[in-house]
Each structure stands twice: as structure tokens, then as C-alpha cells.
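*Asks:* Read in order, the letters of the sequence shown are residues -19 to -1, 1 to 418 in mature numbering (1 follows the signal peptide of the UniProt record, and there is no 0). Where is the CB? At the ideal position from N, CA and C, for every residue including glycine. Got a structure for you, written out below as C-alpha cells; questions coming shortly.
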Amino acid sequence: MLGGLALLAGLALLHNAGAKTVHGSFDSALAWHSRGQHIVTFLFHGDQAVLCVRITNVAAAAGKDATLYLYQNEQWLKMHGSMEEYSCTEKLSLAQVLIPLNQTEYNYTLPQIVYPKAWYAIYADKYTCLMSYEDPKSDDITYEVTLLNPDAAGNPFDHFGADESGLHEFYFLLVLVYFVAACIYIQALWQTIKKGGPMHTVLKVLSIALLLQAVSALANYIHFSRYARDGKGVPFIGSFAELCDIASEVQMLYLLLSLCMGWTLSRMKKSQSKPLQWDSTPTSTGFAVVAVTAQVILLVWEQFEENEHHSFHAHLSLAGTLLIALKICLAMSLAFGLYQIISLERSTMKRQFYITFSKGCFLWFLCHPCFVVISYLFKEYQREKVITVGVVLSQSLSMVILYRLFLSHSLYWEVSSLSSVTLPLTVSSGHRSRYYS
């Protein structure tokens, strides 16, 4: 069921194909209806930033007086904040740059931009501001718009906007860390999981969630590597990365809620079952499934409202706001349940286990809301990067905390109360100092 929900979320991502080399057709009817057809928005920075336009059917474009209008972010927001104050012709006259589309290719070099600014490219022609639309009945005009920022050498070869610069390098380092960690720990972890025991399901679900995060990082790196070359990337790979992030969140949410609810119910029933065993009662399972379903619905909704390939968005749409509220509510619910468990626990070692588990839970659930708040200390174009990098690193740290907790020899011995039998998660003494120090 959880896999099906994640697949449903993935289908919603296929419409998102954000790229900075954009293709399409200039539509006179759409331009008339919207008083200008929005083509693309891009954050230019530095000196020698370039916008390149290539079109087909130059004769049709010239007959329509086809023009590309460029607006800076401040002017665009001011104009749209008071739409009724400006007529169609006044809106077009406020554009900072006009590019007449009367030749096959046109390269425009923007003036030096001290601070990164968003520029909006809008198409309009002689039919756009008419009182009633007249069908020109001319052939389609297809276009390709390429947007380039200066690279480190000052040459206009960088396809990344100011809001995306640095993400390619970040995902490269993240993939490298995952690869090195896998080379070091994969054998011991695999042997531990193969031994089974009461922690088998927990470790397996945690490992799947971590694997999904690693695959997401690799997919993002592949997407951005291609994007760096052509400004398009591989939209399907970008969507697949978001799908992996969603599936990982689903796995972790189900794991943490099931464990916490299971322990809480065991306390309420004064059950003598082992506190680390996976609870499978209808109550805990139902609560976890409802929470997971709500999260997936909000994630799918949010993806429909966003246009970029990022799993954690700075734009607080209604779906994004509800998703953050859900995470805060879940964190508060877990805090209430874990507080009851910790306050009633008399064993110092068990209490320490639950406290460490709480840290991992709260870091996982609250990192996204916290970084959304922190991002408002930065400029608008930096917020997406701050949230993405902060949440990815925080969730990875949360998984490390939970792994160390569940694999700890001493904590497992005390909490599971199985000291009289062979521990299913024990490793040889030769490995103990290496992996559990």
C-alpha cells in the first residue's frame, strides 16, 4: 500500500520539467487572453549574462510584430500588484528590454547585474492589446530560448540560475559521501540484517529509506550534470529523484510512528513485550497509514503547484503550508507519547535510549519547518538552496543517529533485556570498536 502511494506521488512529478533552455510555440491567442504570454523566468547575475532566442517562421513573426519583453522582478511584481492601474499598452511600455523577433537568432547581453535578479520574458504581438481577438491564421512560430549566466571565467556558459548555483556540486559531494560510507559499512550492515531478530524489520525499513535517499542524490546529480551542459537536464531523472525522496519520507514516517505508537500502546496496556519490537496492532498501523496517506496527498498536491525539481520548496503554497503543519503536529504527537514513556521509565539506560530516539525523530520531522523559517534570513533567491541543503543533511544526520542507536551493542543489550541469550544484532569483538565506537 505504501509503495502504491509513493508511485501515485511519482506520477504527479512527471509534469514538472523545469529547464533553462525552453522550447515551445508563441501563441497569439494566449498572449491576447493573458495580455502577454509568459515564456520563462530566470535569475541572472554578474556581467555578460546572455539571453539567446531562436525562432522559426521569421516571416510570420515579422508580420505579427512579434516581440519579447523583459521585465525585472521589481517592475513585474509592482505591475501585477495593481493590475487595474495599467492598460495593456502601458504594461508593455514598462518593459526594461524589448527584443524584436524579426530574425532567426537574437543574442541579447544583459547589463551588469550586481545582485542576482529575476527577469521575466513575456511574448506579445500586434494582436495582444486589441479589444477583441482577431485570429491571424498564420503558421506557428516555434522558439528556443537559452538563458546563460557567466561562469567562473566570466564567459556566458553557465545554465544555472542564481537560485540553483552550487546544487550540482552539493549533490556530487553527497553522492561521494554515500559511496564511501557504503564501501566501509555495507558488509557489516548486511550481515547484521541477515541475522534477523526482533530488530530485523526496523533495520530493513531504515536501510530502504537510506537507500532511497542515496538513489535520490545520485539521480539529482545525473540530472544537474546534464543540466550544466544543455540547460535542460533529464526531467524524468529529476522527477525520479523527487519520487525517491517522497518514498523515503513515507518509509521513515511509517517506521517512526509505528515504533512510537507501539511503545505507547504497550505502556498503556502494561504489556511485557520487548520495547524495540515492531508493533503491529491495528491501532498503531491504522494511525501510521492515515498519517502517511495525508502526507502523500499533500506532497502530490505541492508538486502540482511547483515547477522546479526540488523536493523541499521555499514557496509556501497552501499545500506546502499544510505539509509543514502536518510535520509539526506529528512531531508534537510523538513528543507527547515519548514524554510519557520517558517519564515513567525507571531504567537509566532505557530512558537514554528513548531520549536518543526522540532526537532522531524530532530532527527528521522538524528540520523542514525549521529551515523554512531560517531561510527567511537569506535573500529570496537563496532560500530554495538553504532549505534543500539543510533538510537533506539533517535527514541524513537523523538516520545516522537512529542507525547508531539501533545497532549499539550496549544499548540494545540493556533495552531488549535479552542478556541471557545470544544477541541477534551482536557483531564480533573484532568489529565492535570499529563500528560502534
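Is the region 204 to 213 close to the region 226 to 235, with three or more CB pairs under 8 Å?
*Replies:* Segments in contact, no.
*Asks:* DSSP three-state label for cysteine 33, please.
*Replies:* DSSP places cysteine 33 in strand when its eight states are reduced to three.
*Asks:* Compute the Euclidean distance between the alpha carbons of leucine 378 and aspartate 28, then round it to the nearest angstrom.
*Replies:* Rounded to the nearest angstrom, the two C-alpha atoms are 39 Å apart.
*Asks:* For the alpha helix (DSSP H) holding lysine 331, just list the boundary residues, first then last.
*Replies:* Segment 329 to 356, the alpha helix (DSSP H) holding lysine 331.
*Asks:* With a threshold of 16 other CB atoms inside 10 Å of the CB of proline 92, please say whether the residue is buried or exposed.
*Replies:* Burial call: exposed.
*Asks:* In or out: proline 137 buried (at least 16 other Cβ within 10 Å) or exposed?
*Replies:* With 16 or more other Cβ atoms within 10 Å, it is buried.
*Asks:* Can you tell me the Cβ-Cβ gap for phenylalanine 334 and leucine 386, rounded? I've got them flagged as a contact below 8 Å.
*Replies:* So it is a contact: roughly 7 Å between Cβ atoms.
*Asks:* Could you tell me which of Phe352, Gln363 and Tyr384 sits nearest to leucine 374, measuring between CA atoms?
*Replies:* That would be Phe352, whose Cα lies nearest to the Cα of leucine 374.
*Asks:* Would phenylalanine 205 pass as a contact of leucine 128 if the rule is Cβ separation under 9 Å?
*Replies:* No.
*Asks:* Can you tell me which residues form a DSSP beta bridge with threonine 2?
*Replies:* DSSP lists Thr127 as partners of threonine 2.
*Asks:* With 16 other CB atoms within 10 Å as the buried threshold, where does aspartate 121 fall?
*Replies:* Under this definition aspartate 121 is an exposed residue.
*Asks:* For valine 370, which residues in the same chain have their Cβ closer than 7 Å to its Cβ, ignoring the five residues on either side in sequence?
*Replies:* Once the five neighbours on either side are set aside, the close Cβ partners of valine 370 are Phe151.
*Asks:* Measuring alpha carbon to alpha carbon, tell me which residue in Glu145, Lys185, Gly135 and Val196 is nearest phenylalanine 160.
*Replies:* Ranking Glu145, Lys185, Gly135 and Val196 by Cα distance to phenylalanine 160 puts Val196 first.
*Asks:* Measuring CA to CA, which of Ala143, Tyr89, Leu279 and Gly267 is closest to leucine 303?
*Replies:* It is Leu279.
*Asks:* Alpha carbon to alpha carbon, how far is lysine 331 from alanine 384? Give it in angstroms, no decimals.
*Replies:* The displayed chain sequence assigns tyrosine, not alanine, to residue 384. Distance between the alpha carbons of tyrosine 384 and lysine 331 is about 16 Å.
*Asks:* Please classify cysteine 225: is it buried, with 16 or more other beta-carbons within 10 angstroms of its beta-carbon, or exposed?
*Replies:* Cysteine 225 comes out buried.
*Asks:* For the beta strand (DSSP E) that glycine 62 lies in, which residues bound it at each end?
*Replies:* Premise fails: glycine 62 lies in the alpha helix (DSSP H), 54 to 62, not in any beta strand (DSSP E).
*Asks:* Which same chain residues end up closer than 8 Å to lysine 340 when comparing Cβ atoms and leaving out the 5 residues on each side of it in sequence?
*Replies:* Excluding positions up to five away in sequence, the list reads Ile382.
*Asks:* With DSSP collapsed to three states, give me the class of histidine 390.
*Replies:* With a pLDDT of 49 at histidine 390, under the threshold of 50, the predicted position of this residue should be treated as unreliable, though the coordinate-derived value follows. Looking at histidine 390 - three-state DSSP - the assignment turns out to be helix.
*Asks:* Quick check on DSSP: helix, strand or coil for proline 256?
*Replies:* Reliability fails at proline 256, whose pLDDT of 45 lies under 50, so the model's placement of it is uncertain and the value that follows must be treated cautiously. Three-state DSSP puts proline 256 in coil, outside helix and strand.
*Asks:* At which residue ranges does the region 146 to 216 contain complete alpha helix (DSSP H) runs of 4 or more residues, listed in the order of the chain?
*Replies:* Runs of the alpha helix (DSSP H) inside the region 146 to 216: 148 to 175 and 181 to 211.
*Asks:* Just tell me which of Trp100, Phe25 and Val31 has its CA closest to the CA of glutamine 53.
*Replies:* Minimum Cα distance to glutamine 53 is reached at Trp100.
*Asks:* Exposed or buried, what is cysteine 348 when buried is set at 16 or more other beta-carbons lying within 10 Å of its beta-carbon?
*Replies:* With 16 or more Cβ atoms within 10 Å of its Cβ, cysteine 348 is classed as buried.
*Asks:* Put leucine 75 into one of helix, strand or coil per three-state DSSP.
*Replies:* In the structure shown, leucine 75 sits in coil (DSSP, three-state: anything other than H, G, I, E or B).
*Asks:* Less than 9 Å separating the beta-carbons of leucine 325 and cysteine 241?
*Replies:* For leucine 325 and cysteine 241, no; Cβs fall outside 9 Å.
*Asks:* Based on Cα-Cα distance, which residue from Thr37, Ala143, Ala163 and Val277 lies nearest to tyrosine 362?
*Replies:* Here the closest residue by C-alpha is Ala143.
*Asks:* Could you give the C-beta distance for tryptophan 13 and leucine 111, rounded to a whole number, given that I count them as a contact under 8 Å?
*Replies:* Confirmed, about 7 Å.
*Asks:* So, with DSSP's three-state summary, where would you put histidine 19?
*Replies:* Three-state result, histidine 19: strand.
*Asks:* Aspartate 121: beta carbon under 8 Å from a heavy atom of the ligand COA?
*Replies:* Here there are no bound small molecules, and the ligand COA is not part of this structure.
*Asks:* How about serine 298 and threonine 266: do their beta carbons lie closer than 9 Å?
*Replies:* No, Cβ-Cβ distance for serine 298 and threonine 266 is not below 9 Å.
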